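Numbering (our numbering), first residue to last: 1 to 156. C-beta: ideal position from N, C-alpha, C; glycine also. Keep in mind the model is a prediction, meaning the values are calculated, not measured. Following: one structure in structure tokens, then a few remarks.
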DNA sequence: CCCTGATTCGC
DNA sequence: GCGAATCAGG
């Protein structure tokens, strides 16, 4: 891989679809793959994989001009915090799928991050060593929980 | 108040 | 086709 950076390759799309069907939020999927949330949503829309919102009445057709009102750079701040702000677009934390296990093999100190292999039908989990009272390992916990001050429980 | 989902538009 | 921008809803 000299200088090629294909945004959406087969594996990427498979992972996207698997995570989407797994019930993960677009933010989780984006963080896991390493792209922005809109990129995931855009790709899903292109693939006709919307979760269920076929609005018929198009009301947001009004496009007067680019009027920056509040500058929605919230995603960028979050992504930067997750990735380390000054590093390559890779998942932060020691995430290795060598310890992946099934749901039945999950323990209290095992990372419960859903791992979907783009080749097998078996759905596995991260299975890494997670600290006590923590559902994910150090790497995935950062993806699951927002580094912001508000610790809101995920609704997805 | 903020975040998530989906569509639309520019490149 | 991809990604950012935007809107609507929760």
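Item: Buried versus exposed call for residue 47 [16 or more other C-beta atoms within 10 Å across all chains shown]; Value: exposed
Item: Residue 40: first and last residue of the uninterrupted alpha helix (DSSP H) it sits in; Value: 37-46
Item: Cα-Cα separation between residue 99 and residue 42, rounded to whole angstroms; Value: 32 Å
Item: Reduced DSSP category for residue 85 - H, G, I as helix; E, B as strand; rest coil; Value: Because residue 85 sits at a pLDDT of 47, beneath the cut-off of 50, its placement in the model cannot be relied upon, and the following sentence gives the value as read from the coordinates. Three-state DSSP puts residue 85 in coil, outside helix and strand.
Item: Under 9 Å between C-beta atoms of residue 7 and residue 39; Value: yes
Item: Alpha-carbon to alpha-carbon, residue 36 and residue 16; Value: 12 Å
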